[in-house]
Every structure is written in C-alpha cells, then in structure tokens.
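K.L.:
Numbering (mature numbering (1 follows the signal peptide of the UniProt record, and there is no 0)), first residue to last: -18 to -1, 1 to 219.
Glycine residues also receive a C-beta, built at the ideal position from the N, C-alpha and C atoms.
1. Starting from residue 155, trace the beta strand (DSSP E) both ways and give me its first and last residue.
2. If we ignore side chains and look at the alpha-carbon of each, how far apart do residue 179 and residue 148 end up?
3. From which residue to which residue does the alpha helix (DSSP H) around residue 24 run?
4. Along the chain, where does the alpha helix (DSSP H) containing residue 169 start, and where does it finish?
5. Could you tell me whether any non-hydrogen atom of the ligand GTP is closer than 7 Å to the CB of residue 149?
6. Locate the beta strand (DSSP E) running through residue 6, then write down its first and last residues.
7. Assess, as a yes-or-no matter, whether the stretch 63 to 72 is touched by the stretch 128 to 141 under the definition of 3 or more beta carbon pairs within less than 8 Å.
8. Find the nearest neighbour of residue 142 within the set 105, 91 and 171, judged by alpha-carbon distance.
9. Just the C-alpha distance for residue 205 and residue 21, rounded to the nearest angstrom, thanks.
10. Following the continuous beta strand (DSSP E) through residue 211, name the residue where it begins and the one where it ends.
11. Name the residue from 168, 167, 181 and 162 whose alpha carbon lies nearest to the alpha carbon of residue 145.
12. Assuming residue 18 is part of the alpha helix (DSSP H), what are its boundary residues?
13. By Cβ distance, which residues of its chain are closer than 7 Å to residue 112, with the 5 residues on each side in sequence left out?
14. Let's see if you can read the secondary structure: which residues bound the beta strand (DSSP E) around residue 32?
15. Taking just the CA atoms, how far does residue 102 sit from residue 31?
16. Helix or strand or just coil, what does DSSP make of residue 65?
17. Which residue comes first and which comes last in the beta strand (DSSP E) that contains residue 131?
18. Excluding the 5 residues preceding and the 5 following residue 183 in the sequence, name in chain order all residues of the same chain whose CB lies nearer than 6 Å to its CB.
19. For the putative contact between residue 125 and residue 115, defined by C-beta atoms under 8 Å, what is the C-beta separation to the nearest angstrom?
20. Select from 162, 175 and 174 the residue whose C-alpha is nearest the C-alpha of residue 193.
21. Identify the continuous beta strand (DSSP E) that holds residue 107 and give its terminal residues.
22. Just curious, the beta strand (DSSP E) that residue 186 is in, first and last residue?
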C-alpha cells in the first residue's frame, strides 16, 4: 500500500506540470475618434480652381479658441492683405500633437467641398507646426506641391525617409539664436535633402530667436513663390 501511494503521488505530480498549447487567431478593429476645429479662408472668386495653403500652428495656439491660430502665419497676413487662395488652418487640441492621418483626411475633405487645384496644395508650419508638416509631407508626399517649414524640430522618420520628398520644392527657415528648437535640426534636414538632389533652400536669420516666422509670413514673397509651384512644374527660384 505504501508503494502504491508513492506511485500515485508521482503520477499526480507529473500531471500537474503537464503543458497544454493552443493556436488561435483574433480579428479586431480599433477605431479612434478625432476632432479638429479649423479656419478656412475662401478666395473671392471660386469659379476657377484655386491653390490651397495648409498652415500648422505651434504649441502655443493649441486649444479650442480658433482665433488663436490667426495670431501668426497666413491668417495674420490676411488681416491686411489678400491672397487668391484657400487658406486652411486647423487647431490642434490641448494635450495632443499633430496627427498626420487626421490632417490628411481634413485636406481631402476641404478638396472635396471646395474648388481646390489639387496640383497646387502647399504645406507650411511653424515650430510644432513645422514638425507636423515634416511628418505629414513624408506620410503623403503625393499631396503637396511645396513645403515651407519654419523653426521646426525634425524627428527620425523624416530623417530616414527624406528622399521620399525630394521632388517637392522646399524652403526651410530658422533663427540662428533659437533657444527653443535648435537650428541644427533644420541644418541637418537641409543636408539630408541635398543628398537626394532635392530643390531645397535653407535661410538662417542671424538675429532671430524662435520667432523666425513673422518676417517670412508677413512678406508677400513667400506666397508668390508658393503660387509658382505645381506638382507638374517647379520653379528653381
């Protein structure tokens, strides 16, 4: 009897440590709901197709007050000047950052609802908006005819995939004295794009800190340059 109890105990112990395996499969769909408030300037004459300027603001303009996005950039310029173009300025929600897929869907919506020239869509942004512009143009290079990032941070994806945007004329601006986003980010991206034989220029303002954008957006020259660019033809100057 003692021998049987020991044998049964051994068999019971072995069965306790036995492993079972299964192979399974799961299909699931995760849906994120995003909401963006935006301002849209509509040109006077919309019978003909018109260009679209997409402007991404910096971190200081996040929130729910759409008037904040008009403090800088093309909407500030529009307060005292005219632009014969649609100008789209979305507002990034508080505690979030620019999401390139949400922005791309917004652009598609604006195209569908307005008489936008799809060969003349221009992307620009300042600070956090320039970061968003770099990421958006790399994610959807087929969408844009020109890129103007100002005082922007650049992360890994644009650095690695820079040649995807080699065909897009790009004008980069930064302040040499910028103590928020170091000028080296713009210099590095400029050098990366030059290796792709891209149509890219870099302007560094020797006397500018982080706000290197006012002198760019307050000048008609940048808009004249953008309006010359199309996805089928790009001017060198």
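P.N.:
Per the coordinate set shown:
1. Taking the first residue of the chain shown as 1, we reach residue 155 at position 173. Element bounds for residue 155: 152 to 157.
2. For the purposes of this step, residue 179 is taken as residue 197 along the chain shown, with counting starting at 1. For the purposes of this step, residue 148 is taken as residue 166 along the chain shown, with counting starting at 1. Roughly 7 Å between the two C-alpha positions.
3. Within the chain shown, residue 24 is the residue found at index 42, counting from 1. According to the DSSP assignment, residue 24 belongs to no alpha helix (DSSP H), since it is labelled neither H nor E.
4. Residue 169 sits at position 187 when you count from the first residue of the chain shown. For residue 169, the enclosing alpha helix (DSSP H) covers residues 166 to 177.
5. Absence of the ligand GTP is noted for the structure shown, with no ligands found whatsoever.
6. Start at 1 with the first residue of the chain shown, and residue 6 comes out as number 24. Here residue 6 belongs to no beta strand (DSSP E), and DSSP marks it neither H nor E.
7. Segments in contact, no.
8. As a working note, residue 142 is residue 160 in the chain shown. Comparing Cα positions, the closest option is 171.
9. Taking the first residue of the chain shown as 1, we reach residue 205 at position 223. Taking the first residue of the chain shown as 1, we reach residue 21 at position 39. Going by the C-alpha atoms only, they are around 18 Å apart.
10. For the purposes of this step, residue 211 is taken as residue 229 along the chain shown, with counting starting at 1. Note, residue 211: premise wrong, no beta strand (DSSP E); not H, not E.
11. Taking the chain shown and counting its residues from 1, one reaches residue 145 at position 163. Taking only the C-alpha atoms, the option nearest residue 145 is 181.
12. Indexing the chain shown from 1 puts residue 18 at position 36. In the DSSP annotation of this structure, residue 18 is not part of any alpha helix (DSSP H), being labelled neither H nor E.
13. Position 130 of the chain shown, counting from 1, holds the residue named residue 112. Hits under 7 Å: 131, 132, 133 and 134.
14. As a working note, residue 32 is residue 50 in the chain shown. Counting along the chain, residue 32 sits inside the beta strand (DSSP E) bounded by residues 32 to 38.
15. Numbered from 1 along the chain shown, position 49 holds the residue referred to as residue 31. Numbered from 1 along the chain shown, position 120 holds the residue referred to as residue 102. Roughly 10 Å between the two C-alpha positions.
16. The residue labelled residue 65 in the question sits at position 83 within the chain shown. It is coil, neither helix nor strand.
17. Numbered from its first residue, the chain shown carries residue 131 at position 149. Segment 128 to 132, the beta strand (DSSP E) holding residue 131.
18. Along the chain shown, read from residue 1 onward, the residue named residue 183 stands at position 201. Within its own chain, the residues whose Cβ lies closer than 6 Å to the Cβ of residue 183, once the five positions on either side in sequence are excluded, are 153, listed in chain order.
19. Indexing the chain shown from 1 puts residue 125 at position 143. Indexing the chain shown from 1 puts residue 115 at position 133. Not a contact, Cβ separation roughly 12 Å.
20. Taking the chain shown and counting its residues from 1, one reaches residue 193 at position 211. Out of 162, 175 and 174, 162 has the C-alpha closest to the C-alpha of residue 193.
21. Taking the first residue of the chain shown as 1, we reach residue 107 at position 125. 98 to 108 is the extent of the beta strand (DSSP E) around residue 107.
22. For the purposes of this step, residue 186 is taken as the residue at position 204 of the chain shown. Counting along the chain, the beta strand (DSSP E) containing residue 186 begins and ends at 182 to 187.
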